[in-house]
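Read through the structure below, which is laid out as structure tokens, and then see the notes.
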């Protein structure tokens with residue numbers, strides 16, 4: 001699943017160049033969507049490479065990886081745990097677009113596998129036992145999904161606004 005750059009910017013405008021590079025390298029986002037994300041965030045203080053990415057024509061999008069690598073290597077930004085933002089964004093995208101899938105719980109299981117079976121996703125997976133040892137109902141899984149998204153939102157809000 002390649003995520004939409006505008007969607008990502010709406011939920012995570014704080015992603016670092018390194019986070020974006022990781023997402024590109026892991027195929028969570030493609031070159032066009034990197035360009036869209038950067039277009040949403042451009043300010044006069046951005047480096048020239050960001051502007052180059054924003055205006056790179058589709059036939060030259062292979063250059064975006066190199067430009068993004070340059071931005072990441074020059075950056076003094078703190079990098080988040082690179083997997084966490086993409087897991088959050090993927091979970092959010094699936095949740096917001098549940099209606100587009102025939103079996104959303106199967107999609108969650110695929111995501112669980114794609115992210116190498118993270119422990120924090122286990123409560124969202126049909127075949128994983130619930131904390132009380134029973135199988136989770138759809139309502140139970142949906143409640144856990146909402147709770148996981150809320151925890152991620154809180155985690156990233158704290159990182160953006162340390163007290």
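Residue numbers (UniProt numbering): 1 to 163.
Quick reminder that beta carbons are idealized off the backbone N, C-alpha and C, glycines included.
Candidates 121, 138, 115: which alpha carbon is nearest residue 26's? Considering only 121, 138, 115, the residue with the shortest C-alpha distance to residue 26 is 115.
So the candidates are 21, 14, 97, 91; which of them puts its Cα closest to the Cα of residue 42? Comparing Cα positions, the closest option is 14.
Taking DSSP as the reference, what is the three-state secondary structure of residue 57? Per DSSP, reduced to three states, the secondary structure at residue 57 is coil, with no helix or strand assignment.
Report the option in 36, 21, 113 whose CA atom is closest to the CA atom of residue 6. For residue 6, the closest C-alpha among the options 36, 21, 113 is that of 36.
Determine contact between the segment 134-154 and the segment 92-111, defined as no fewer than three beta-carbon pairs at a distance below 8 Å. In short, these stretches touch, since the Cβ pair count reaches three.
For the candidate residues 40, 117, 105, whose alpha-carbon lies nearest to that of residue 145? 105 is the residue among 40, 117, 105 whose C-alpha sits nearest the C-alpha of residue 145.
Report the three-state DSSP secondary structure of residue 85 (helix, strand or coil). In the structure shown, residue 85 adopts helical secondary structure according to DSSP, grouped into three states.
Using beta-carbon positions only, say whether residue 125 and residue 100 come within less than 8 Å of one another. Taking the C-beta atoms as reference points, residue 100 is found no nearer than 8 Å to residue 125.
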